[in-house]
Amino acid sequence: MKYLLSILFCFFFFCSVQSQTVAFAFKDYLTLPRSRNIHNISGLEYIPQRQEWQLAGDRGQYFLFRNIHQLMDWACQPDSSFQTGLDLEAVRYDAASDTYFFAVENNNESFVGYRKHAMPQTGESFERLPLPHSLPVKKNKGVEALALTTNYLWVAPEAGSTEEARVDNSLIHFYRYKKTNGSVVFDSEFSYEIDRKVCPSEALGGISEIIAIPGDETRLLVLERCYENATKTVTAKLYEAQIDETNKRLVKQKEKPAFNFNNRNSFQPDNVEAMTWAEDLDGKKILVVMSDDNTGKNQWTQIILLELQSN
């Protein structure tokens, strides 16, 4: 893909394929040199009304880009940046209520915060959502993933609650909040089967991001990723999960991932953690995925473009 003109949500297109399985094709990618501008990216959101890309860092930095027209533009300096004072893992913007939702994870706690009109800068106040269960932050496993639909906010713990985060347990729960009266209220929990032991050195595995399919309240896309220390490699798969309201579960298309990041010629995924939707010059839907380089010597900031396939 040569150009990213804008981020436009095509509701009618997605509504027409709700009953079909989602799949992506590898389109293009860019690995930023370490000397470039953005590091530690864990959250990515685009606000089409302002044509503004917002990148959240897990060391407190927040970047804004307003002139992304082609892949190489990501190598340019951001238009602005500021410090939030928060270890951010995800960010989502709800245009209907002009509200920013964000996930925070550090060594002491993990929570979901929200603030109207703007992301908080260091020292500014914000509200928190009550989570139904404690999270195993001592294992570096808190909340890393948020998704917004027309009616709901979804929250996905990286490896489940404190009670669920065990190697011998593959069933965890996502938390759903209903958007109402300009706020969000806890609605329900949905079970999800996570892949454990994919990477021996990170036996719990992890959900690094989720995203809604625009105009579709029946499905989510779930990014599972783990890091193998022995080989210094990342294993990552993107799954479609159907929402079963009756049984309060997310039915994962386990045998047929929407996209497998591995086993591709000349490409090895890094620490992929952030996703948002885009559209190319030809009107094709693109999922933009970014990696967190952890400011490490052996890790990189990647921008990966996945093209939604027609069924």
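Letter by letter, the sequence shown follows residues -19 to -1, 1 to 292 in mature numbering (1 follows the signal peptide of the UniProt record, and there is no 0). Ideal Cβ positions, reconstructed from N, Cα and C, are used throughout, including at glycine. Remember, it's a predicted structure, so these values are computed and weren't measured experimentally.
Pair within 8 Å by beta-carbon distance, Asp177 and Gly187: Note that residue 177 is Arg in the sequence shown here, rather than Asp. Not in contact: Arg177 and Gly187 (Cβ atoms no closer than 8 Å).
DSSP-derived helix/strand/coil call for Met53: helix
Other residues of its chain near Lys159: CB distance less than 7 Å, five sequence neighbours each side excluded: Asn132, Tyr133, Val165, Val166 and Asp168
Given this structure, state the Cα-to-Cα distance separating Gly141 from Leu112, to the nearest angstrom. 12 Å
Identity of the residue in Ala126, Gly264 and Val118 nearest Ser91 by Cα: Val118
Using a 10 Å radius around the Cβ and a threshold of 16 neighbouring Cβ atoms, would you call Cys(-5) buried or exposed? Per-residue confidence for Cys(-5) stands at a pLDDT of 40, beneath the threshold of 50, marking its modelled position as unreliable; the derived number appears in the next sentence. Burial call: exposed.
For Lys160, three-class secondary structure by DSSP: strand
DSSP state of Val165, grouped into three classes? strand
With 16 other CB atoms within 10 Å as the buried threshold, where does Lys213 fall? exposed
State whether the stretch 27 to 35 contacts the stretch 9 to 18, with contact taken as three or more CB pairs (one from each stretch) at a distance under 8 Å. no
Identify the continuous beta strand (DSSP E) that holds Leu268 and give its terminal residues. Lys266 to Ser272
When we look at the beta-carbon of Ser23 and count the other beta-carbons within 10 Å, is it buried (16 or more) or exposed? buried
Pick from Met256, Asp39 and Trp34 that is closest to Gly123, judged by C-alpha positions: Asp39
Lys119, DSSP secondary structure in three states: helix
Delimiting residues of the beta strand (DSSP E) encompassing Gln290: Taken as a continuous stretch (DSSP letters only), Gln290 belongs to no beta strand (DSSP E), as it is neither H nor E.
Kindly indicate the opening and closing residues of the beta strand (DSSP E) around Pro138. Tyr133 to Pro138
Apart from the five residues on each side of it in sequence, which residues of its chain come closer than 7 Å, Cβ to Cβ, to Thr276? His20 and Asn21
Our contact map puts Tyr74 next to Ala99 with C-beta atoms below 8 Å; I'd like the distance itself, whole angstroms only. So it is not a contact: roughly 10 Å between Cβ atoms.
Cα-Cα, which of Ala76, Asn89, Leu202 and Val215 is closest to Lys97? Ala76
Got a sec? Which residues, its chain only, sit under 8 Å from Leu(-15) by beta carbon, not counting five neighbours each side? In this predicted model, Leu(-15) has a pLDDT of only 35, less than 50, meaning its place in the structure is not dependable enough to derive any value.
Return the first residue and the last residue of the beta strand (DSSP E) that Ile188 is part of. Ile188 to Ala193
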